[in-house]
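Heads up, the thing below is written out as structure tokens.
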Amino acid sequence: MLRGVKSLMRPDTRLVGVTSGGAWLVERLQKDLGLSGSPGIISSAMHRDDFARRGLAATAQTSLPFDVNGADVLLLDDVLYTGRTIRAVLNELFDFGRPGCVRLAVLVDRGGRELPVAADFAAARLALPASQSLALARDEQGAFSFQVEQA
Numbered sequence: 001m002l003r004g005v006k007s008l009m010r011p012d013t014r015l016v017g018v019t020s021g022g023a024w025l026v027e028r029l030q031k032d033l034g035l036s037g038s039p040g041i042i043s044s045a046m047h048r049d050d051f052a053r054r055g056l057a058a059t060a061q062t063s064l065p066f067d068v069n070g071a072d073v074l075l076l077d078d079v080l081y082t083g084r085t086i087r088a089v090l091n092e093l094f095d096f097g098r099p100g101c102v103r104l105a106v107l108v109d110r111g112g113r114e115l116p117v118a119a120d121f122a123a124a125r126l127a128l129p130a131s132q133s134l135a136l137a138r139d140e141q142g143a144f145s146f147q148v149e150q151a
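Here it is, written out as structure tokens:
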């Protein structure tokens, strides 16, 4: 993931992690890349098309410590599946301004798209049946692992 993100970086790129798995990744990558300041965190909660059913999640809320207008934004997420979360995140991002460029890097692209969304970088591609989900976990030492769960 680090190599893929490095290849997408420009001198003015701002990293933004999608809560919650992407937020964990962006914290780690910000440090591993030696970037100053804090990365952005963005929540899809307020723009989800299933908000009435899900409500507000207990995850972190959006925090973008930079001017979004004209910014080069690299969104980071753990799993890309239907594209609905990324659609919601883009709506949230545009509530804060109009970025100059938005790109997407994910740990795993599991296919199954319902919307025309594609990652600029995916560390891995994995096919799972719709009856299963892939969840990123982080232990106390900060190590990441994936768990396959029944949806």
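Residues in the sequence shown are numbered from 1 upward in steps of one, following the working numbering.
Note that beta-carbon positions come from the ideal geometry of N, C-alpha and C, so glycine has one too.
#1: Using 10 angstroms around the beta-carbon of Val18, count the other beta-carbons present and answer buried if the total reaches 16, otherwise exposed.
#2: Determine contact between the segment 23 to 36 and the segment 82 to 97, defined as no fewer than three beta-carbon pairs at a distance below 8 Å.
#3: Going by beta-carbon coordinates alone, are Leu25 and Arg103 separated by less than 7 Å?
#4: Taking the C-alpha atoms as reference points, what is the distance between Arg138 and Ser145?
#5: What are the start and end residues of each continuous alpha helix (DSSP H) run of 4 or more residues lying completely inside the segment 51 to 107, in chain order?
#6: If I measure Cβ to Cβ from Leu115 and keep anything under 6 Å in the same chain, skipping five residues before and after, which residues do I get?
#7: Since Ser131 is in the beta strand (DSSP E), which residue starts that stretch and which ends it?
#8: Please go through the same chain and pick out, in chain order, the residues whose beta-carbon is closer than 8 Å to the beta-carbon of Thr13, but skip the five residues on each side of it.
#9: Counting only the same chain and skipping the five closest in sequence on each side, list residues whose C-beta sits under 7 Å from that of Gly100.
#10: Does Val68 pass the burial test, meaning 16 or more other C-beta atoms within 10 Å, or should it be called exposed?
#11: Under 8 Å: do the segment 39 to 47 and the segment 121 to 129 share three or more Cβ pairs, one atom per stretch?
#12: How should Ala105 be labelled, buried or exposed, when 16 other C-beta atoms within 10 angstroms of its C-beta is the threshold for buried?
#13: Measure from the alpha carbon of Val108 to the alpha carbon of each residue in Ala124, Ser133 and Ala119, then state which is nearest.
#14: Considering only residues of the same chain and omitting the five flanking positions on each side of Lys151, which have a CB-CB separation below 8 Å?
#15: What does DSSP give as the partner residue(s) for Gln150 in the beta ladder?
#16: Roughly how far, in whole angstroms, is the beta-carbon of Val148 from the beta-carbon of Arg110, given that I think they are within contact range, below 8 Å?
The answer reads as follows:
#1: buried
#2: no
#3: no
#4: 6 Å
#5: 51 to 54 and 84 to 95
#6: Gly83 and Arg87
#7: That residue, Ser131, is in no beta strand (DSSP E); it is neither H nor E in DSSP.
#8: Asp72, Val73 and Leu74
#9: Gly70, Ala71 and Asp72
#10: Buried is the call here.
#11: no
#12: buried
#13: Ala124
#14: Reading off the sequence, residue 151 comes out as Ala, not Lys. The residues are Ala130, Ser131, Gln132 and Ser133.
#15: Gln132
#16: The Cβ separation is near 10 Å, so there is no contact.
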